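Below is one structure, written out as structure tokens, with a few remarks after it.
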């Protein structure tokens, strides 16, 4: 008889012993959830009672011919092009899941007679929560590498991506790396999942990018996609085959009792009075070794998908459909696109990489007076930028003259004999070397005049020679018949070589000219006359042994570090100081448990300031596993606090609604931040429309009257009123 006690200390010992082997963080994540949710164990006990009743029914009435298809959405968090895994790699993981769960995997054998086809299949979602077509993939560029096992990846407020409706989609998050701390040792995790019964806001799986799928950026011995198979087993209520204790209980009758987890691929090994099953997906063996779920595991998984089961709504979800038509303009890779809005039946994807010209002398200016200068047309678009000096051909929309000199560049929405709508024009900059700089700005003039549905323009930046791009400024809609000024802070790119591009996407009208002129990039090196003395003040919470920090220079090298502080008294204050050469740095505060320093267990905080002037460079205390803030000394002024915790930064973000009053379409112009969700309330305070953030919302079905539009930005929100005519 298997023991029914799960010993947490045994789990931690297993983590410590096998830091470099397959390690699943699901049980650790479960313990965190139990601490944060006192009612979780009770809900899981109820689910377990239901599961056992359903299993008994299944044993009496064999499941036959009932295929359940699970819609999947994959959220990719990446720092570079390698971690921004390809569609092919993602699809290979879906292929593995369908093979493993249907028992069609090529390494299936007859070693274990209880091996079963679970009759569960998976597909990438083809319909998003708003009813639009989708590829089932979302992507977000990030500077964070280690995401831990504390669900930071699952929320925009902590730098991740909010889940799609977890009742209708199996959400998977892909991250660069995950670690945890056990008995003072750093443990690398391959993935973790949430058991049934947890919060809907965090439901799903998290995996590292190089253990996801079987092609692309995968690393042996976890290059066969079995990490995700294992984690979905947890998601469907399967425990580790050894029951997470010595000869423990996995609540499945036809799996042999194991003393502990297996590594590699041992065969014929005996433990707990029986032969081990290292080929089971719920062990810790290599991908090439795994090949089966048992009939008992099938029944257990099917129970949570059955009528009354904890994941029944997922089994009934209709978010999988036929082929998806590529949109070529929605910022999502879908249909047969091979990149975001490019490839397949869309315009070819960019091959504009490398730096033909690198600018190192500042200020840099470009007014397009004699040519495009060092700026070049992209090969990944279907519309061109044009130099002009006498007004654009579309009467009354373009500027009549330049803002400086005689020439400017513009995009004619109906030009180049390709017409509108949704045509893209990209103009690439030279590269700019900002190494050794303490402050930098990109300024320019822009002109956007025409109809309200004239489309958008973005200024985007790349630090990897154009392999991926991040939007740093954007505008959409009619801005009037005048030149406007833009000033973009480049503090985030100090110390890097960065390339820019203007990315113009036309709307649904020919009356939509956009022009650019008078580009200027400034960069200063600050004071290099001597070092600056800096003081770090740390007030600890109740767990100083969890706190550590480090400071990196612009080259990414650690120049100062400290902690953890097991010998420091709880809630005590520590003051340190040191000299910094002029330049820019990153301050990283870490918490090993993942709950920051404030405010659950004491009001901990940290402050970094210039000793002489008292100028605060960095401050904080409320974060998850880590908090990273850039700062400069020696004359720089590029303090950039994290948006979720900085009131001054918060005041600079917002949005505009237009036209207002509106008829059928309401346009939203977002600036200074990113949003995932919105809600619209009527005058009675009732929610009449909600969904993922989009720049255009169809309000034709709303009645005439006054409404409130609410935009969610991390954990905060902003609202504006509008009138429906």
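In the numbering used here, the protein residues as written are 9 to 733. C-beta: ideal position from N, C-alpha, C; glycine also. Just so we're clear, the structure is a prediction, and the values are computed from it rather than from any experiment.
Beta-carbon gap between residue i and residue j smaller than 8 Å
i, j, result
"residue 241", "residue 58", "no"
"residue 687", "residue 732", "no"
"residue 562", "residue 586", "no"
"residue 186", "residue 248", "no"
"residue 505", "residue 436", "no"
"residue 539", "residue 595", "no"
"residue 87", "residue 229", "no"
"residue 433", "residue 502", "no"
"residue 461", "residue 673", "yes"
"residue 392", "residue 466", "no"
"residue 161", "residue 105", "no"
"residue 259", "residue 124", "no"
"residue 568", "residue 553", "no"
"residue 133", "residue 174", "no"
"residue 122", "residue 303", "yes"
"residue 478", "residue 165", "no"
Inter-residue spacing [alpha-carbon to alpha-carbon] between residue i and residue j
i, j, result
"residue 70", "residue 126", "Per-residue confidence for residue 70 stands at a pLDDT of 40, beneath the threshold of 50, marking its modelled position as unreliable; the derived number appears in the next sentence. Taking the straight line from one Cα to the other gives about 12 Å."
"residue 394", "residue 522", "11 Å"
"residue 480", "residue 443", "19 Å"
"residue 406", "residue 379", "20 Å"
"residue 579", "residue 89", "42 Å"
"residue 728", "residue 146", "27 Å"
"residue 225", "residue 99", "13 Å"
"residue 60", "residue 48", "18 Å"
"residue 233", "residue 298", "10 Å"
"residue 647", "residue 639", "Any reading at residue 647 must be qualified, since the residue scores a pLDDT of 29, below 50, and its modelled position is unreliable; the value itself is stated next. Near 5 Å, if we compare the C-alpha coordinates of residue 639 and residue 647."
"residue 399", "residue 382", "23 Å"
"residue 498", "residue 453", "17 Å"
"residue 200", "residue 115", "25 Å"
"residue 292", "residue 252", "12 Å"
"residue 551", "residue 609", "8 Å"
"residue 669", "residue 712", "10 Å"
"residue 354", "residue 192", "51 Å"
"residue 494", "residue 570", "41 Å"
"residue 487", "residue 239", "50 Å"
"residue 692", "residue 430", "37 Å"
"residue 307", "residue 75", "13 Å"
"residue 485", "residue 39", "49 Å"
"residue 261", "residue 250", "12 Å"
"residue 418", "residue 189", "54 Å"
"residue 599", "residue 273", "36 Å"
"residue 413", "residue 365", "24 Å"
"residue 4", "residue 700", "Outside the shown range of the chain (9 to 733) lies residue 4, about which nothing can therefore be said."
"residue 367", "residue 46", "58 Å"
"residue 277", "residue 286", "9 Å"
"residue 697", "residue 137", "12 Å"
"residue 113", "residue 271", "21 Å"
"residue 634", "residue 597", "5 Å"
"residue 492", "residue 468", "18 Å"
Assumed close pair residue i, residue j - CB separation to whole angstroms, cut-off 8 Å
i, j, result
"residue 519", "residue 464", "Incorrect: roughly 15 Å between the Cβ atoms, too far for contact."
"residue 528", "residue 371", "6 Å"
"residue 129", "residue 194", "Actually they are not in contact, since the Cβ atoms of residue 129 and residue 194 sit about 37 Å apart, beyond 8 Å."
"residue 397", "residue 410", "7 Å"
"residue 617", "residue 547", "Rounded, the Cβ-Cβ distance is 14 Å, inconsistent with contact."
"residue 525", "residue 416", "4 Å"
"residue 720", "residue 685", "4 Å"
"residue 624", "residue 637", "No, residue 624 and residue 637 are not in contact; Cβ-Cβ is about 11 Å, not under 8 Å."
"residue 93", "residue 182", "6 Å"
"residue 221", "residue 101", "4 Å"
"residue 327", "residue 79", "4 Å"
Residue i CB to nearest heavy atom of the ligand NAP below 7 Å
i, result
"residue 690", "Although the ligand NAP was asked about, the structure shown includes no ligands whatsoever."
Closer than 8 Å to chain D by CB, residue i
i, result
"residue 595", "You won't find chain D in this structure, because it holds only one protein chain."
*Kindly provide the ranges of any beta strand (DSSP E) runs that are 3 or more residues long and lie completely inside the stretch 364-411, ordered along the chain.*
As for any beta strand (DSSP E) of minimum length 3 sitting wholly inside the stretch 364-411, the runs are 372-374 and 394-396, ordered along the chain.
*If you scan the stretch 547-590 from start to end, which runs of the beta strand (DSSP E) of 3 or more residues do you find wholly inside it?*
Runs found: 555-561, 566-571 and 581-588.
*Are at least three pairs of beta-carbons, each pair with one atom in the stretch 172-181 and one in the stretch 304-323, less than 8 Å apart?*
The answer is yes - the stretch 304-323 touches the stretch 172-181, with three or more Cβ pairs under 8 Å.
*When the Cβ atoms of the stretch 187-204 are set against those of the stretch 242-261, are three or more pairs found closer than 8 Å?*
Using a C-beta cut-off of 8 Å, the stretch 187-204 makes contact with the stretch 242-261, since at least three inter-stretch Cβ pairs fall below that distance.
*Just checking, does the stretch 625-641 make contact with the stretch 595-612 on the three C-beta pairs under 8 Å criterion?*
Because the criterion of three Cβ pairs below 8 Å is met, the stretch 625-641 and the stretch 595-612 touch.
*Enumerated in chain order, which unbroken segments of the beta strand (DSSP E) with a length of 3 residues or greater are wholly contained in the stretch 512-545?*
Runs of the beta strand (DSSP E) inside the stretch 512-545: 520-532.
*Going along the chain, which unbroken runs of the beta strand (DSSP E) with 3 or more residues stay wholly within the stretch 122-151?*
Within the stretch 122-151, the complete beta strand (DSSP E) segments at least 3 residues long are 128-132 and 145-149, listed from N- to C-terminus.
*Entirely enclosed beta strand (DSSP E) segments - the stretch 432-492, minimum 3 residues*: Counting only runs of 3+ residues, the beta strand (DSSP E) found wholly inside the stretch 432-492 occupies 432-441, 447-458, 463-470 and 478-484, in chain order.
*Would you say the stretch 268-288 touches the stretch 212-224, given that touching needs at least three Cβ pairs under 8 Å?*
Under the 8 Å Cβ criterion, the stretch 268-288 does not count as touching the stretch 212-224, having fewer than three qualifying pairs.
*Enumerated in chain order, which unbroken segments of the beta strand (DSSP E) with a length of 3 residues or greater are wholly contained in the stretch 146-195?*
List check, beta strand (DSSP E) in window: 178-183 and 187-190.
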